[in-house]
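Protein chains: 2
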Amino acid sequence: MFEAAEVGHKIEKSVFNRAVPKLRADLLDVQYRLKENGKFPVIVLISGVRGAGKGETVNLLNEWMDPRHIVTYAFDNPSDEERERPPMWRYWRALPPKGKIGILFGSWYTAPIIDRVFKTTTSGNLVRSIEEINHFEKMLADEGALILKFWFHLSRQAQKKRLKALASDPETRWRVTERDWNFFKVYDRFYRVSEETLRETSTAAAPWIVVEGQDPRYRYLTVGKTLLEAMRKRLDAQANRRDPVSQAAPIIRPIDKRDVLNQLDLSKSLTESKYKSELLTWQGRLNRLSRDAKFPQLSVAVAFEGMDAAGKGSTIRRITGGLDARYYNVIPVASPTDEERAQPYLWRFWRHLPRKGRVTIYDRTWYGRVLVERIEGFCSETDWMRAYSEINDFEEQLERSNTVLCKFWVQISKDEQLRRFKERERMRFKRFKITEEDWRNRKKWDLYQAAAADMIEHTSTDIAPWTLVEANDKKYARIKVLKTICKRIERALDEL
Amino acid sequence: MFEAAEVGHKIEKSVFNRAVPKLRADLLDVQYRLKENGKFPVIVLISGVRGAGKGETVNLLNEWMDPRHIVTYAFDNPSDEERERPPMWRYWRALPPKGKIGILFGSWYTAPIIDRVFKTTTSGNLVRSIEEINHFEKMLADEGALILKFWFHLSRQAQKKRLKALASDPETRWRVTERDWNFFKVYDRFYRVSEETLRETSTAAAPWIVVEGQDPRYRYLTVGKTLLEAMRKRLDAQANRRDPVSQAAPIIRPIDKRDVLNQLDLSKSLTESKYKSELLTWQGRLNRLSRDAKFPQLSVAVAFEGMDAAGKGSTIRRITGGLDARYYNVIPVASPTDEERAQPYLWRFWRHLPRKGRVTIYDRTWYGRVLVERIEGFCSETDWMRAYSEINDFEEQLERSNTVLCKFWVQISKDEQLRRFKERERMRFKRFKITEEDWRNRKKWDLYQAAAADMIEHTSTDIAPWTLVEANDKKYARIKVLKTICKRIERALDEL
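So the protein lines, in turn, are chains A and E. Residue numbers for the first sequence follow this note's numbering, beginning at -5 and rising by one. Residue numbers for the second sequence follow this note's numbering, beginning at -5 and rising by one.
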C-alpha cells in the first residue's frame, strides 16, 4: 500500500501558488454548502508516521476553510472520565454533528496499531480491533457520515532525514522527542502493522487515502483536493436525491403463530407474603452486592422494554429501593433532543453510559429503533435492519469494559393491559401515566409483539441475553428481575 | 439557627403511617405536574452533619416519587476534567433541566465550609465564597429555578450517639469512617462555621430549611412536606401567571450623543507592508507563547462581538493562524439548542469552557443577552438587566481559575458596513455570509450601537476589560487584536 507514497511526489511552487486561491474558494464554498444542507457530518481522520506533516496539514485546512465550522480533536491520554467507560466512548464524544467537519487527530486506529507494534497485544487482538473498527465505520457511513481517512507516509530514509532536520533547527527542536526516536527504531514493524491494518480497513464506505508526506506542497494539495472532491460529490448527490419515503415495514409472523412471547406462562405468580419476604431478601442482597469491595470495578446497565403498563416503572422502583441514590441513575428514554438528532442513532445512549461503580437503568432503550421506530415508520427499513448488528456491537463493547448488562422484556397479556389502562384512568396520581398515544399503540398490539419476538431472536446473545419476564402478576415479575440482576452481578464479581 | 433543631422533634409511628400514603400520592402528583409544565427545574440541596440521615432521606425521596424524573448527583472528589475548569463548572454540569428535580448531595457549600473548618482558608475567603454563592443562587432563582436547601442537624451528643450506633452494628459499620470521627472532633468549629454560612445564605430566593436529624420519621415527613408545599405553591402560581409580554426596551442615548464607540478614530490604518511584517511578528509571538513551558497552566478565552461584517471571522483566522489546531476551538454562537434552552442562560457558555492549555475563541458570546436579545425583545427587561452582574460574576470566576479572557468589540462605520455587504453579495464564496437578517439588523444600527456602548460601560471591569478595535481598516484591526492577546498572555505567564 505504501510503495506509491515513496515515489517522490513533488509540486512546483508556481503550480501550487496558482492552484491555492481557487482551491480555498472552492473549499469554503463546499463548507458553507455543507452547513446549509445540514444533513451529514464530515469525519476526517489524520494518521500516519511521525514527522510526515500531519500537524501542518491540519493547521492549513483550518486556515483555508472557516475554522468556526470545523471541530479539531487531538486525542492524547484519556481523562479519568474516559478511562471509566468503554474505549470507544471518547470517540463517540468527539463526533461532529451534521453540517460540520470534524478533524480527528489520532483516532480509533492509534491504540490498536501502537499496542501491536510494541507487542502489548497479540495478533488476534489486532484482528478483532480491525473487525470492530470496520463495524463502527460502517455504522457511521450508514448514518450518513462522509468519512475520509488520510494516512501520511514517509519512507524510512525520508523519516530519518525529516526528524534530523527538525531536531537541528532551534525553532522546531522541541517537536522531536525521545518517543519519536523510539518509534523510528521500530520503523519496519510499524510499517508492517499499519499496512495490515490499512489493508483490512480500507472499505468502500471509508477508504484510506495514503499521502506521501515528504513534499509539503504535494501533501497539502492532495488532502485539500481530495476533501473538496469528496464533499462536492456527496453534496451534489444529496441535492439530486429525494428523502426516502419512510414506511412501516411488513412484519411476517411465524405460520403457526408460536413465538417466544406467546409461549410464556403468564399465570406465574407469588403470594403476598412470599413476595414480601423475597423482596426483602433480594433487595438486601442487591444492596450488599453494591457495597462489595470489588463493585467499583464494574458498571451496571439495566435495560427495560415492554408494552405500555407492563410495570416497568414500578419494577424500576423496586431496584432503586435496594440501592443508594448516590450511585444510580434512571434514564427515561423519550424523543431525542435536537443535539441527539444531529448524531448517529446510538449516540444518545453512549452519552449516558455509567462510570465505574454506578448503575444506570434505562426505561426503554436503544431497542426503540426496532420497536416503535420500525412499526411507526420513523426510520427506513434499512435503518432498523442494520440496527440489530449495531446493537450487538454496542453491547459487546459494554460487556468487555466490565459493564454488567441486564435486558428485560416485561410481558403482559392484552387483557391485563386493558385492565391496567382502566385502573390508571381511575386513579388520581396515575392519570399522568395514560395518554391518547397509549390507546393508539394498543391497537397495534400484534405488530409490537411480532417486532419484539423478532428483536429477541436477533439480539439475545450469549454475552447479552434477554430475560423474558412474565408480568401479569407484578409481584412475580419484580422478584424475577431483582433476582436476575443479583445473579448477574455476582457472576461478574466472581469473574473479576 | 440550630437550636430549633435540637428540641427532640419526634413523630409517632401511627401518625407517620397514616400520613405517608397521602404524601406519596401528592408528591407524585406535583412531580408529574412539574414534568407537564416543563417551565422550571427544582434544585434540592442536601447538606448537614454526618450521621443525620441525609442518605436515607434522599433514598426515600427517590422511593416516594418517580425516580425516572429525579436526577441525583453526589459530589465526590472532582475528576481531572473538572479540576481543569473553574470550581463551579461541575455544578453547572449537574443542574437539572426544566421539568425535572435535581437532588444534589453535597454542593457548592461543601468546600467553603470544610476548608474553613480545617483552616485551609481565611475567614475572608469564606466571606467571599458566601457572596459568590448568593450571586449564583440569585441567578438560578431569577432564571426560574425553585431552590430548596435542607440542612440536617444533630446536637453534639446526638451525633456521637448516632455514630456509635452505626459503628456497633455489623450491617452499618462500613458507613462510619475515620474521617467521620475526625469531623466529630471539630464539632464545635463545624457548628460555628456552618451557622455563619447558613445565616448569610438564607435568602428569600433560596432559604435554608434546618431539619433535626435524630428521628427518622420526623425528618422524612419534614423534607417530604416541605418539598410538596414548595412545588405546589410554585405550580399554582405558574398556572395563574401569564407569560410576561417580551418587548424591546427603550434605549436612552447620552444627550450629547457622545459615547465610547462613536469617539473611536476609525481612520487608523496600516500599510500593506507594515501589516505583513507585523502579522509575522505577532503570530510568531503567539505561537511561541502557546509553547511556553508554563502555558499548560493557563486557559485562554477570546470573545468577539461587533456589528455584522465587522471582520470578526477573518480576524479569528489570523489568531488561529498562529496556533496549533490541536489546541484551539472556535465556538460560533448561534441560537441555543433545546437542551440549552432548558438551562440558565449562561449554561451554554459554561459547557464549552476550555481545559487548561487550550484556547477557546467565541464568535459572538454571552453578551448576546444585552445586545440582540435586548434589542429584539427575546428576553424581558429584568432578564437582560440582571445579565450585567451575572456576566461580571462569570468572568471573575474565569479570571480566578487562570483563564486569560480577552474581549474585543470590533467597530466599523455604518458606511463601511454597507460597502462590505455589497461586496459580499458580489463575491462567490462570500455569498453565504450575507442574509436578509443582516439587512434587517442594519436598520437597527443606532439601537445596536447604543446597547453596545451601554454594555461596555457596565462590563468593562478591571479584571475583564473590553478592547475596542477600530476596524474600518482590517489590517489595523487584526494586528491590534493579536497584539492584545499576546500581551495579556505574557502578563498572565509572568504572574504564575
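Ideal Cβ placement from N, Cα and C applies to all residues, glycine included.
Minimum Cβ-Cβ distance from residue i to chain E less than 9 angstroms
{"i": "A/S240", "result": "Any reading at A/S240 must be qualified, since the residue scores a pLDDT of 48, below 50, and its modelled position is unreliable; no value is offered."}
{"i": "A/V65", "result": "yes"}
{"i": "A/A68", "result": "yes"}
{"i": "A/E75", "result": "yes"}
Extent of the continuous alpha helix (DSSP H) run through residue i
{"i": "E/A19", "result": "K7 to N31"}
{"i": "A/S308", "result": "K306 to T314"}
{"i": "E/W536", "result": "Since the first residue of chain E shown is -5 and the last is 490, residue 536 of chain E is not available in this structure."}
{"i": "E/E206", "result": "Premise fails: E/E206 lies in the beta strand (DSSP E), W202 to E206, not in any alpha helix (DSSP H)."}
{"i": "A/T195", "result": "Y181 to T195"}
{"i": "E/V366", "result": "V366 to E370"}
{"i": "E/S293", "result": "No alpha helix (DSSP H) contains E/S293, which is instead part of the beta strand (DSSP E) from S293 to G300."}
{"i": "E/W86", "result": "W83 to A88"}
{"i": "A/E112", "result": "Note that residue 112 of chain A is Phe in the sequence shown, not Glu. Counting along the chain, A/F112 falls outside any alpha helix (DSSP H), and DSSP gives it neither H nor E."}
{"i": "A/K350", "result": "Per DSSP, A/K350 belongs to no alpha helix (DSSP H) and is neither H nor E."}
{"i": "E/F34", "result": "Per DSSP, E/F34 belongs to no alpha helix (DSSP H) and is neither H nor E."}
{"i": "E/D74", "result": "D74 to R77"}
{"i": "E/E410", "result": "K408 to R420"}
{"i": "E/E334", "result": "D332 to R335"}
Start-to-end residues for the beta strand (DSSP E) that takes in residue i
{"i": "A/T354", "result": "V353 to D357"}
{"i": "A/C499", "result": "The structure shown does not extend to residue 499 of chain A, since chain A is modelled only from -5 to 490, so the question has no answer here."}
{"i": "A/G49", "result": "Looking at the DSSP string, A/G49 is not in any beta strand (DSSP E); the run it does join, the alpha helix (DSSP H), is K48 to W58."}
{"i": "A/Y67", "result": "I64 to A68"}
{"i": "E/W378", "result": "Premise fails: E/W378 lies in the alpha helix (DSSP H), E375 to R394, not in any beta strand (DSSP E)."}
{"i": "E/K437", "result": "That residue, E/K437, is in no beta strand (DSSP E); its alpha helix (DSSP H) goes E430 to K437."}
{"i": "E/L545", "result": "With chain E represented from -5 up to 490, any question about residue 545 of chain E goes unanswered, as that position is not in the structure."}
Under the three-state DSSP convention, the category residue i falls into
{"i": "A/H129", "result": "helix"}
{"i": "E/W102", "result": "coil"}
{"i": "A/F(-4)", "result": "coil"}
{"i": "E/L140", "result": "strand"}
{"i": "A/A159", "result": "helix"}
{"i": "A/G42", "result": "strand"}
{"i": "E/G118", "result": "helix"}
{"i": "A/N323", "result": "strand"}
{"i": "A/A465", "result": "coil"}
{"i": "E/H452", "result": "helix"}
{"i": "E/H3", "result": "coil"}
{"i": "E/P459", "result": "coil"}
{"i": "E/G96", "result": "strand"}
Short CB-CB distance (under 9 angstroms) between residue i and chain A
{"i": "E/F99", "result": "yes"}
{"i": "E/L89", "result": "no"}
{"i": "E/T455", "result": "no"}
{"i": "E/N53", "result": "yes"}
{"i": "E/W523", "result": "The structure shown does not extend to residue 523 of chain E, since chain E is modelled only from -5 to 490, so the question has no answer here."}
{"i": "E/R285", "result": "yes"}
Residue i: CB within 8 angstroms of a non-hydrogen atom of the ligand NAD
{"i": "A/Y26", "result": "The ligand NAD is absent from the structure shown, which contains no ligand whatsoever."}
Quick one: complete beta strand (DSSP E) runs, 3+ long, within the segment 208 to 289 of chain E?
-> none
Using Cβ-Cβ distances below 9 angstroms, what residues of the segment 315 to 332 of chain E are close to chain A?
-> G315, L317, D318, A319, R320, Y321, Y322, N323, V324, I325, P326, T331 and D332
Listed in chain order, which residues of the segment 300 to 314 of chain A have Cβ atoms closer than 7 angstroms to some Cβ of chain E?
-> G307, I310, R311 and T314
Contact set between the segment 35 to 62 of chain A and chain E, restricted to residues whose Cβ is under 7 angstroms from the partner = G49, V52, N53, N56, E57, D60, P61 and R62
Residues of the segment 205 to 238 of chain E with Cβ closer than 9 angstroms to any Cβ of chain A, in chain order = none
Using a Cβ cut-off of 7 angstroms, which residues of the segment 343 to 371 of chain A contact any Cβ in chain E, in chain order?
-> D357
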